[in-house]
Amino acid sequence: MQRIPDDVLDRIEQEHAQGITSSEILDLFAAHGLKFSEATLRKYVQLGLLPRSVRVGRKGKHQGSQGMYPASVVRQIQRIKDMMAQDYTIEEIQREFLFVRGDIEELERTMAKVFDALKEAAKERRSETSGRAIAQDLSTAEVLARELVAKLTMLEERLMAQARLSRGLMSSKQAASS
């Protein structure tokens, strides 16, 4: 099955750290010869498989706003497409696989914003003795946050593996009883 290479996904996530538009998402899939439509994107969002876009204003008078998705949606879409190619239904994907992936990624983005704000506030107090202690505590908290995200990701992956295994066992039993 044709896929967007992981190094390309990594680059997209770095280049579009502030978000990616629906047209950019569609263009990316088209550039790699993969079928994906605006209607499918909307459907995945409505079903809760992907996060909703955030409206971001454009610079300039009367320019309006545009919807921005986290860049990680490209990777999520690819995972959904991979699972569907393995004959998973949308309902199975909703129920068993992507139930917390988006939440974990949102947690990661939110924590990054919190740490950025705390670092900025700590810079102003760095010369004070307590400022150095705050910077040390902040560094410790960042390590703990990364460990938390890694642990949550590992738990989700283990649950996904168990669901795949039980799905495989059910398929084997159904084939044997036929």
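Sequential numbering of the sequence shown, starting at 1, is according to the UniProt record's numbering.
By construction, the Cβ of each residue, glycine as well, lies at the ideal position given by its N, Cα and C atoms.
Excluding the 5 residues preceding and the 5 following residue i in the sequence, name in chain order all residues of the same chain whose CB lies nearer than 8 angstroms to its CB.
i      : result
ARG146 : none
GLY33  : GLN2
GLU24  : HIS16
Is it the case that the Cβ atoms of residue i and residue j are separated by a distance below 9 angstroms?
i      : j      : result
ARG3   : GLN76  : no
LEU26  : GLU38  : yes
GLN94  : LEU49  : yes
GLU157 : PHE115 : no
LEU47  : ILE20  : no
LEU118 : VAL149 : no
In chain order, what residues of the same chain have a beta carbon less than 7 angstroms from the beta carbon of residue i, not counting five sequence neighbours either side?
i           : result
residue 179 : Residue 179 is absent from the structure shown; the chain starts at 1 and stops at 178.
LEU152      : ILE104
Cα separation between residue i and residue j?
i           : j      : result
VAL54       : LEU9   : 21 angstroms
SER22       : LYS113 : 23 angstroms
GLY67       : SER139 : 33 angstroms
TYR69       : GLN162 : 30 angstroms
LEU41       : MET83  : 16 angstroms
TYR88       : ARG132 : 52 angstroms
residue 200 : HIS16  : No answer is possible for residue 200: it lies beyond the span of the chain, which begins at 1 and ends at 178.
ASP7        : TYR44  : 24 angstroms
PRO5        : SER130 : 47 angstroms
ILE80       : MET160 : 13 angstroms
ASP137      : ARG11  : 31 angstroms
GLN18       : SER166 : 38 angstroms
VAL100      : GLU120 : 30 angstroms
GLU92       : VAL56  : 33 angstroms
ALA31       : ARG109 : 27 angstroms
Ignore the nearest five residues each way along the sequence and tell me which others in residue i's own chain have a CB closer than 6 angstroms to its CB.
i      : result
GLY102 : PRO51
MET111 : ALA145
PHE36  : PHE29
Establish whether the CB of residue i and some CB of chain C are separated by less than 9 angstroms.
i     : result
ILE25 : Considering every chain present, this structure includes no chain C. It has just one protein chain.
> Hey, which unbroken runs of the alpha helix (DSSP H) at 4 residues or more fall wholly within the stretch 32–116?
Replying inline: 38–46, 73–85
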